[in-house]
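Student: For the sequence shown, the working numbering begins at 240 and goes up steadily by one.
The C-beta atom is built at its ideal place from N, Cα and C for all residues, glycine as well.
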Amino acid sequence: MNNNTSSQTVLKMLDIEKSFPGVKVLEGVNLEIQKGEIVSILGENGAGKSTLMKILSGAYSSKEYAGKILIEDRDLSYDTPKEAEDNGVVMIYQENNPFLDISVSENIFMGCFPKNKYGIINWKKTRELTMELLSSVGLKIDPDTKMRNLNGSEHQLVAILKAISKNSKVLILDEPTSTLTKGETDRLFVSISKMKKSGVSCLYISHKIDEVFEISDRIVVLRDGAIVGNYTRDKFDYNIVISTMIGRELTKIFPDTTHEIGDDYLHIENFTVQHPYNRDANIVEDISLSVKKGEILGLVGLVGAGRSELVNAVYGSIKKKSGTVKIAGREIHIKNPGDALNNGIALITEDRKKDGLVLIHDIKKNLSLASLDTITKMGVIDKNKETGKVDEIMRLLNVKANSPETKTVFLSGGNQQKVVFGKCLLTAPDVFILDEPTRGIDVGSKFEIYQKIIELARQGMSIILISSEFSELLGLCDRMLVLRNGSIQKEFTKDEADQNKLVLALSGMDV
240 MNNNTSSQTV LKMLDIEKSF PGVKVLEGVN LEIQKGEIVS ILGENGAGKS
290 TLMKILSGAY SSKEYAGKIL IEDRDLSYDT PKEAEDNGVV MIYQENNPFL
340 DISVSENIFM GCFPKNKYGI INWKKTRELT MELLSSVGLK IDPDTKMRNL
390 NGSEHQLVAI LKAISKNSKV LILDEPTSTL TKGETDRLFV SISKMKKSGV
440 SCLYISHKID EVFEISDRIV VLRDGAIVGN YTRDKFDYNI VISTMIGREL
490 TKIFPDTTHE IGDDYLHIEN FTVQHPYNRD ANIVEDISLS VKKGEILGLV
540 GLVGAGRSEL VNAVYGSIKK KSGTVKIAGR EIHIKNPGDA LNNGIALITE
590 DRKKDGLVLI HDIKKNLSLA SLDTITKMGV IDKNKETGKV DEIMRLLNVK
640 ANSPETKTVF LSGGNQQKVV FGKCLLTAPD VFILDEPTRG IDVGSKFEIY
690 QKIIELARQG MSIILISSEF SELLGLCDRM LVLRNGSIQK EFTKDEADQN
740 KLVLALSGMD V
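#1: Which of the three DSSP states is assigned to residue 358 in this structure?
#2: DSSP three-state label for residue 380, please.
#3: If we cut at 8 Å on Cβ distances, does residue 285 have a partner in chain C?
#4: I'd like to check one pair, residue 573 with residue 579: are the Cβ atoms closer than 8 Å?
#5: Helix, strand or coil: which one does DSSP assign to residue 421?
#6: Measure the Cβ-Cβ separation of residue 723 and residue 745 and say whether it is below 8 Å.
#7: Taking the DSSP output, what are the residues bridged to residue 679?
#8: Let me check one thing: in DSSP terms, what residues is residue 565 bridge-paired to?
#9: Buried or exposed for residue 659, please, with buried defined as at least 16 other CB atoms from any protein chain shown within 10 angstroms of its CB.
#10: Report the residue from 544, 509, 543 whose alpha carbon sits nearest the alpha carbon of residue 528.
#11: May I ask you to report which of helix, strand or coil DSSP gives residue 513?
#12: Could you give the residue range of the beta strand (DSSP E) that holds residue 352?
#13: Rounded to whole angstroms, what is the Cα-Cα separation between residue 731 and residue 537?
#14: With a CB to CB cut of under 6 Å and the five nearest residues on each side skipped, what residues in its chain are close to residue 582?
#15: Just how far apart, CA to CA, sit residue 414 and residue 367?
#16: For the beta strand (DSSP E) that contains residue 441, what are its first and last residues?
#17: Please go through the same chain and pick out, in chain order, the residues whose beta-carbon is closer than 8 Å to the beta-carbon of residue 472, but skip the five residues on each side of it.
#18: DSSP puts residue 413 in a beta bridge; with which residues?
#19: Taking the alpha-carbon positions, what's the residue 622 to residue 611 distance?
#20: Going by the CB atoms, is the gap between residue 721 and residue 733 shorter than 8 Å?
#21: With burial defined as no fewer than 16 other Cβ atoms inside 10 Å of the residue's Cβ, what is the status of residue 674: buried or exposed?
#22: Could you check whether residue 726 and residue 450 sit closer than 8 Å to each other, using their CB atoms as the reference points?
#23: Which same chain residues end up closer than 7 Å to residue 701 when comparing Cβ atoms and leaving out the 5 residues on each side of it in sequence?
#24: Do residue 347 and residue 404 have their beta-carbon atoms positioned less than 8 Å apart in this structure?
#25: Quick check on residue 664: does DSSP put it in helix, strand or coil?
#26: Using only CA atoms, which one of 462, 711, 311 lies nearest to residue 407?
#27: Can you check which of these residues, 253, 278, 291, 609, is closest to residue 314 by C-alpha distance?
#28: List the whole-angstrom C-beta distance separating residue 629 from residue 603, where the pair is believed to meet the contact cut-off of C-beta under 8 Å.
#29: Is it true that the stretch 275-290 meets the stretch 428-438, where meeting means three or more beta-carbon pairs spaced less than 8 Å apart?
#30: Of the choices 695, 742, 446, whose alpha-carbon is the least far from that of residue 283?
#31: Which class does residue 521 belong to by DSSP, given the choice of helix, strand or coil?
#32: Are the CB atoms of residue 483 and residue 468 within a distance shorter than 8 Å?
#33: Please state whether DSSP places residue 283 in a helix, a strand or coil.
#34: Going by other Cβ atoms of all chains shown within 10 Å of its Cβ, with 16 needed for buried, is residue 355 buried or exposed?
#35: Would you check if the distance between the CB atom of residue 712 and the CB atom of residue 539 is smaller than 8 Å?
#36: Just tell me which of 695, 422, 655 has its CA closest to the CA of residue 664.
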């Protein structure tokens, strides 16, 4: 990245402290951002990143924390996100929810349309301003285009333009690339660079260290609610930043993957799945594959390639048009997830908050939810058996919480993911399907999950792994299938695969 456009300090957070009942989340945090500077905030799940950003963005009232916030040397106390936006601080959340059935222009200016002297919306002016904003980030789309017709990166860019339209001084981006392809991410970074040159400062939150190193002018590391590292670009060092984050040296990202592979176990034959948004098209077209006992099979594909739809159809959570599932040569019939679980197939879904957890319930209820038949007698839960199994799985996966009665909504992302993982393990599956199992979690938690995946493979479990991170696929999988346009494009063994070959196969080129 280029040097800062100015040495002017745009933001100061001074002695920020925040506590929840029984837990101090932030302690004496001091953060300073210059005009046009891109600062990434790194830290393990639970380090305090989200809390700090919620304070800055007005999600927490000034009455709920101690310390000061200064914007361009003005001491501000705001109590809502709207007040923060009025003072130039805008946060774009990981799950940004646009209005899909109205236009790009309407999404950008919703709530603040330009109006004429009679208070009527000036649609011509709205369109002109939208075109100027789109041009500023190199986005060549019609302002009247419905949001439903845009891809993931374009949704993100429209959200950013909405923030820019409010004359933002500080833009907070929370995991902005979590659902983007590499090409979409590159496009987003070009737009962020343009904003930087115009003087907009960015606070960038991500668990993808390679992206952080690419986009940042500076990296600030939080651990246990305090800043423990502050690195300018000339001091970026992967091992140093990682060890500062987790408080110990992490000598390697992936554990030893040595394990034996047995005979074919799971067979998925001739699966076809209708496209969720187009009745006249299929998102999965006549796919067949097999997985051996003790094998980790990776499914590689861009957004829309059909990876998640295939495994959800196998699991019974969405309907298939056709296809059969066989285990050890015996055909099984799956109409719903209960049938899948009864046949030894478990699935970790892509979105843990939407499909994997009941956030208002505690850890114990979430962990035992899918395996109640093993702890009940005549319809009554055996509390001792439930407690024993829950305590064992929490120790096994190193779930960090005050007790099994802790509500899952209060857990960090990494610990939430461990609960989803543990819920599936308690069903004692023979086939484990993992759809983006490490999305949005820190490197320390990732390593623990990687260790468990390898351990399960060593125990003979058949594993299907979907991931958007090439390093994860290459580091864990014995074999990889590249999906493109709903069909299998290419197959690689662990020894054959590398990142360049995967990229070429994803683009439809011969490898």
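Tutor: Quick look at the numbers:
#1: In this structure, residue 358 counts as coil in the three-state DSSP scheme.
#2: Correct three-state label for residue 380: coil.
#3: Absent here is chain C; the protein component of the structure consists of one chain.
#4: Going by C-beta atoms, residue 579 is nearer than 8 Å to residue 573.
#5: helix
#6: yes
#7: Listed as beta-bridge partners of residue 679 by DSSP are no residues whatsoever.
#8: 506, 570
#9: buried
#10: 509
#11: Residue 513 carries a strand assignment under DSSP once its states are collapsed to helix, strand and coil.
#12: Looking at the DSSP string, residue 352 is not in any beta strand (DSSP E), and its letter there is neither H nor E.
#13: 10 Å
#14: 571
#15: 30 Å
#16: It spans 440-444 - the beta strand (DSSP E) in which residue 441 sits, taken as one unbroken run.
#17: 240, 455, 456, 457
#18: Paired residues: 444.
#19: Approximately 11 Å, taken between the alpha carbons.
#20: No. Outside cutoff.
#21: buried
#22: The Cβ atoms of residue 450 and residue 726 lie no closer than 8 Å to each other.
#23: 504, 505, 530, 531, 532, 534, 669, 670
#24: Cβ atoms of residue 404 and residue 347: closer than 8 Å.
#25: helix
#26: Measuring from the Cα of residue 407, the nearest candidate turns out to be 311.
#27: 253
#28: 5 Å
#29: Three or more pairs of CB atoms, one per stretch, sit closer than 8 Å, so the stretch 275-290 contacts the stretch 428-438.
#30: 446
#31: strand
#32: Contact annotation: residue 468 and residue 483 have beta-carbon atoms nearer than 8 Å.
#33: Three-state DSSP puts residue 283 in coil, outside helix and strand.
#34: exposed
#35: Taking 8 Å as the cut-off, the beta carbon of residue 712 is found closer than this to the beta carbon of residue 539.
#36: 695
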